[in-house]
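Chemist:
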Amino acid sequence: MQRLSSLCTSTGACISALHSLVGKDVYLEEYGCTFNHADTLALVEVLKAQGCTIVPTPEEADAVVLNTCTVIGPTERLMLRQMRRYSGHDLYLTGCMPAVQMDAICEVCSPKVIPPEEIRAAYTLVNTTVPSAIGVVQVGQGCAGRCSYCITRNARGPLQSFQPPDIYNRVQQAVDNGAVEVQLTGQDLSSWGLDLGRSLPDLLRGITAFPGDYRLRLGMMNPATVLPILDDLIAAYQSDRIFQFLHLPIQSGSDRVLAAMNRSYTASDVQQILRAFREVHPDLTLMTDLIVGFPGETDQDFEETLQMITALSPNKVNMTRYSGRPGTPAADLPDLQDSVKKDRSRAVNDHVTTLYHQKNSRWIGEEVGVVVTEQRKLGSVITRDERYQNIVIPEPLPFGMKCRVQIEQDCTYYFIGSLV
2 MQRLSSLCTS TGACISALHS LVGKDVYLEE YGCTFNHADT LALVEVLKAQ
52 GCTIVPTPEE ADAVVLNTCT VIGPTERLML RQMRRYSGHD LYLTGCMPAV
102 QMDAICEVCS PKVIPPEEIR AAYTLVNTTV PSAIGVVQVG QGCAGRCSYC
152 ITRNARGPLQ SFQPPDIYNR VQQAVDNGAV EVQLTGQDLS SWGLDLGRSL
202 PDLLRGITAF PGDYRLRLGM MNPATVLPIL DDLIAAYQSD RIFQFLHLPI
252 QSGSDRVLAA MNRSYTASDV QQILRAFREV HPDLTLMTDL IVGFPGETDQ
302 DFEETLQMIT ALSPNKVNMT RYSGRPGTPA ADLPDLQDSV KKDRSRAVND
352 HVTTLYHQKN SRWIGEEVGV VVTEQRKLGS VITRDERYQN IVIPEPLPFG
402 MKCRVQIEQD CTYYFIGSLV
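Residue numbers (our numbering): 2 to 421.
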């Protein structure tokens with residue numbers, strides 16, 4: 002393979018920060034979403050192509066690269082702690098934080114910055130993929146929405162859908178390298194194609210026509226961009242190449258709060274989406290996101306959120322206490338007391354834990370078909386059924402293996418099962 006340094010020189014596309022890493026031992030830390038993870042995977046291939054070695058500890062490294070996230074206040078504080086920790090190293094930053102918070106960064110360190118777009122540009126010259134049971138494919142960057150609390154929109158910019166042939170190539174590459182699960186990711190997956198005169202169901206029909214033994218796991222989709230394509234999207238889910246899994250963030254069950262968030266949908270819109278999906282896919286796995294303690298959220302607003310959670314009966318809730326993000330409209334609003342946020346977050350956790358066990362109980366003793374996708378602990382593997390349920394098998398099975406298992410134990414966020 003031609004080295005990236007010579008490719009950059011020949012095309013005039015050399016990225017100065019990336020180029021300064023040529024031949025070095027590099028330690029990588031990654032934070033944030035699946036989209037960030039895809040950038041990390043691309044960066045690893047770029048670094049390998051220019052003669053770098055990825056090392057497991059910062060002590061062994063000539064340079065440290067942090068792929069950053071700043072979606073909420075606690076994550077920002079963690080990023081700054083890590084930057085201070087590595088400030089004595091040759092430090093490089095990528096991800097969202099350098100795009101929106103360089104002033105805060107420069108107060109703790111003096112890093113070099115690698116914009117994510119430059120990683121992806123360099124990756125097109127390398128075009129290699131490490132064999133893996135899970136492939137991650139980005140379908141676009143940015144968002145069509147303007148949520149009042151969201152700093153990610155400022156970091157990633159407006160929607161830029163990637164072209165279908167490029168997406169198809171990445172999916173096919175992942176499948177050819179052993180992926181049995183391909184994760185499609187973007188800031189708002191269901192907005193794909195709005196800037197191209199296309200739609201997500203169009204893209205899904207193209208991908209699911211590929212040969213191979215794989216399934217797609219679709220990433221987060223905003224209810225506001227799901228509504229216009231709802232019927233077509235539900236039809237696309239009938240493909241046996243798509244996990245019966247929907248990540249639909251509701252953020253609040255109060256229309257008043259949703260309007261203040263500038264989410265562009267109502268609570269009844271979310272219920273409409275779920276009713277329509279479950280009429281066709283009754284066992285669909287639902288993941289949702291929720292923000293508690295948004296500025297101005299009253300006790301009544303919060304009660305409506307709890308009622309919404311009960312009505313939707315999700316399988317997983319990602320719950321966040323609101324924290325104002327710099328440069329966003331909501332950051333100027335009067336904040337609620339931390340004690341209120343803590344009390345409401347505890348109430349949500351207690352509520353959803355009860356729901357989880359109620360939903361999970363029906364699966365105990367059931368026999369399901371699964372595929373082995375991950376290993377997080379020695380001696381056991383993670384498998385997924387067609388609903389994308391996480392079923393741990395305490396045996397060292399090979400990735401990609403298909404088998405039938407009996408679900409035996411409810412562990413709230415996952416199950417334990419045994420081979421049939």
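Ideal Cβ positions, reconstructed from N, Cα and C, are used throughout, including at glycine.
(1) Using a Cβ-Cβ cut-off of 6 Å (strictly less than) and excluding sequence neighbours within five positions of Val109, which residues of its own chain qualify?
(2) Would you tell me roughly how many angstroms separate the C-alpha atoms of Gln139 and Asp167, rounded to the nearest one?
(3) How long is the line joining the alpha carbons of Gly328 and Ser419, rounded to whole angstroms?
(4) I need the straight-line Cα distance from Thr71 to Val421, nearest angstrom please.
(5) Between which two residues does the beta strand (DSSP E) containing Thr69 stretch?
(6) In terms of DSSP beta bridges, what is Tyr93 paired with?
(7) Just the Cα atoms here: how many angstroms apart are Glu1 and Trp193?
(8) Classify Glu119 as buried or exposed, calling it buried when 16 or more other Cβ atoms lie within 10 Å of its own Cβ.
(9) How many angstroms separate the CA atom of Glu368 from the CA atom of Val382?
(10) My output table needs one value for Asp196: the three-state DSSP class, helix, strand or coil.
(11) Measure the alpha-carbon distance for Arg4 versus Gln51 and round it to whole angstroms.
(12) Can you tell which of Asp386, His248, Ala268, Leu398 has the C-alpha that lies nearest to the C-alpha of Asn319?
(13) Going by DSSP, what residue range makes up the alpha helix (DSSP H) through Cys151?
(14) Would you give the residue range spanned by the beta strand (DSSP E) that Cys404 belongs to?
(15) So, using beta-carbon positions, are Ser149 and Pro330 closer together than 7 Å?
(16) Work out the CA separation of Ile251 and Ala18 for me, nearest whole Å.
(17) In this structure, does DSSP put His38 in helix, strand or coil?
(18) When the Cβ atoms of the stretch 359–368 are set against those of the stretch 340–350, are three or more pairs found closer than 8 Å?
(19) I need the straight-line Cα distance from Val127 to Gln174, nearest angstrom please.
(20) Where does the unbroken alpha helix (DSSP H) through Ser17 begin, and where does it stop?
(21) Is Tyr357 helix, strand or coil by DSSP?
(22) With burial defined as no fewer than 16 other Cβ atoms inside 10 Å of the residue's Cβ, what is the status of Arg276: buried or exposed?
(23) Report back the beta-carbon spacing between Tyr238 and Val176 to the nearest angstrom; my notes put them in contact at under 8 Å.
(24) Could you check the C-alpha separation between Arg405 and Gly158 for me, to the nearest Å?
(25) My understanding is that Gly220 touches Leu185, with C-beta atoms under 8 Å, so please give their C-beta distance in whole angstroms.
(26) Name the one or two DSSP bridge partners that Glu182 has.
(27) Measure how close the beta-carbons of Val27 and Val56 come, nearest whole angstrom, since I'm counting them as under 8 Å.
(28) If we call anything under 7 Å between Cβ atoms a contact, is Gly401 one with Ala134?
(29) Taking 6 Å as the cut-off, is the beta-carbon of Leu247 closer than that to any non-hydrogen atom of the ligand PLP?
(30) Compare the C-alpha of Leu217 against each of Leu228, Pro202, Pro229 and name the closest.
(31) Judging by CA-CA distance, which residue of Glu298, Asp333, Pro315, Arg199 is the nearest neighbour of Ala279?
(32) So what's Val349 in DSSP terms, helix, strand or just coil?
(33) State the Cα-Cα distance for the pair Ile394 and Asp333, rounded to the nearest angstrom.
(34) Assign Pro159 to one of three DSSP states: helix, strand, or coil.
(35) Quick check: what's the CA-CA separation for Leu92 versus Asp63?
(36) Arg347 to Ile106, Cα distance in whole Å?
Modeler: On the basis of the supplied data:
(1) Within the sequence shown, the letter at position 108 stands for residue 109. Here the set comprises Leu81, Met84, Arg85.
(2) Here residue 139 refers to the residue found at position 138 of the sequence shown. Here residue 167 refers to the residue found at position 166 of the sequence shown. Taking the straight line joining both Cα atoms gives about 10 Å.
(3) Numbered from 1 along the sequence shown, position 327 holds the residue referred to as residue 328. Numbered from 1 along the sequence shown, position 418 holds the residue referred to as residue 419. Looking at the two C-alpha atoms, the distance is approximately 50 Å.
(4) Position 70 of the sequence shown holds residue 71. Position 420 of the sequence shown holds residue 421. Using only the alpha carbons, I get a separation of about 44 Å.
(5) As a position in the sequence shown, residue 69 is number 68, starting the count at 1. Thr69 -> beta strand (DSSP E) spans 64–69.
(6) Position 92 of the sequence shown, counting from 1, holds the residue named residue 93. Its beta-bridge partners are Val66, Lys113.
(7) This structure gives no information on residue 1, because the portion of the chain shown stretches from 2 to 421.
(8) One-based indexing of the sequence shown puts residue 119 at position 118. With 16 or more Cβ atoms within 10 Å of its Cβ, Glu119 is classed as buried.
(9) One-based indexing of the sequence shown puts residue 368 at position 367. One-based indexing of the sequence shown puts residue 382 at position 381. If I take the Cα positions, the gap works out to 17 Å.
(10) Within the sequence shown, the letter at position 195 stands for residue 196. Reduced to three states, the DSSP call for Asp196 is coil.
(11) Stepping through the sequence shown from its first residue, residue 4 is reached at position 3. Stepping through the sequence shown from its first residue, residue 51 is reached at position 50. Unreliable placement is indicated for Arg4, whose pLDDT of 38 sits below 50; no coordinate value is reported for it.
(12) Mapped onto the sequence shown, residue 319 falls at position 318. In terms of CA proximity to Asn319, His248 leads the group Asp386, His248, Ala268, Leu398.
(13) Taking the sequence shown and counting its residues from 1, one reaches residue 151 at position 150. Careful: Cys151 lies outside any alpha helix (DSSP H) and carries neither H nor E.
(14) To locate residue 404, count along the sequence shown from 1; it is residue 403. Unbroken beta strand (DSSP E) run through Cys404: 403–411.
(15) Position 148 of the sequence shown, counted from the start, is the residue given in the question as residue 149. Position 329 of the sequence shown, counted from the start, is the residue given in the question as residue 330. It is a contact, given that the beta carbons lie within the stated cut-off.
(16) In the sequence shown, the residue the question calls residue 18 occupies position 17. In the sequence shown, the residue the question calls residue 251 occupies position 250. Spanning the two alpha carbons is a distance of roughly 39 Å.
(17) To locate residue 38, count along the sequence shown from 1; it is residue 37. Here DSSP, grouped into helix, strand and coil, assigns His38 to helix.
(18) no
(19) Within the sequence shown, the letter at position 126 stands for residue 127. Within the sequence shown, the letter at position 173 stands for residue 174. So the alpha carbons of these two residues sit roughly 13 Å apart.
(20) If you number the sequence shown from 1, residue 17 lands on position 16. Taken as a continuous stretch (DSSP letters only), the alpha helix (DSSP H) holding Ser17 covers 17–20.
(21) As a working mapping, residue 357 is identified with position 356 in the sequence shown. Reduced to three states, the DSSP call for Tyr357 is helix.
(22) Here residue 276 refers to the residue found at position 275 when the sequence shown is read from its first residue. Exposed.
(23) For the purposes of this step, residue 238 is taken as residue 237 along the sequence shown, with counting starting at 1. For the purposes of this step, residue 176 is taken as residue 175 along the sequence shown, with counting starting at 1. About 20 Å; that fails the 8 Å criterion.
(24) As a first step, residue 405 must be located in the sequence shown, where it is residue number 404. As a first step, residue 158 must be located in the sequence shown, where it is residue number 157. If I take the Cα positions, the gap works out to 44 Å.
(25) Here residue 220 corresponds to residue number 219 of the sequence shown, with the count starting at 1. Here residue 185 corresponds to residue number 184 of the sequence shown, with the count starting at 1. Between Gly220 and Leu185 the beta-carbon gap is near 6 Å, inside 8 Å, which marks them as a contact.
(26) Your numbering for residue 182 matches position 181 in the sequence shown. Bridge partners of Glu182: Ile135, Arg216.
(27) Position 26 of the sequence shown, counted from the first residue, corresponds to residue 27. Position 55 of the sequence shown, counted from the first residue, corresponds to residue 56. Right, the Cβ-Cβ distance comes to about 7 Å (below 8 Å), so this counts as a contact.
(28) Here residue 401 corresponds to residue number 400 of the sequence shown, with the count starting at 1. Here residue 134 corresponds to residue number 133 of the sequence shown, with the count starting at 1. Yes, these two residues count as a Cβ contact at 7 Å.
(29) This structure simply doesn't include the ligand PLP, nor any ligand for that matter.
(30) Mapped onto the sequence shown, residue 217 falls at position 216. Ranking Leu228, Pro202, Pro229 by Cα distance to Leu217 puts Pro202 first.
(31) Reading the sequence shown from its first residue, position 278 is the one you call residue 279. Note on identity: in this sequence residue 279 is Arg, with Ala being the wrong assignment. Ranking Glu298, Asp333, Pro315, Arg199 by Cα distance to Arg279 puts Pro315 first.
(32) For the purposes of this step, residue 349 is identified with residue 348 of the sequence shown, where counting begins at 1. Note: Val349 maps to helix in three-state DSSP.
(33) Locating residue 394 in the sequence shown gives position 393, where the first residue counts as 1. Locating residue 333 in the sequence shown gives position 332, where the first residue counts as 1. Computed Cα separation, rounded: 49 Å.
(34) What you label residue 159 is simply residue 158 of the sequence shown in a count that begins at 1. Residue state, collapsed to three classes: strand.
(35) Counting from one through the sequence shown, the residue named residue 92 turns up at place 91. Counting from one through the sequence shown, the residue named residue 63 turns up at place 62. Cα-Cα distance, rounded: 9 Å.
(36) Sequence index remark: in the sequence shown, residue 347 carries index 346 (1-based). Sequence index remark: in the sequence shown, residue 106 carries index 105 (1-based). Cα-Cα distance, rounded: 32 Å.
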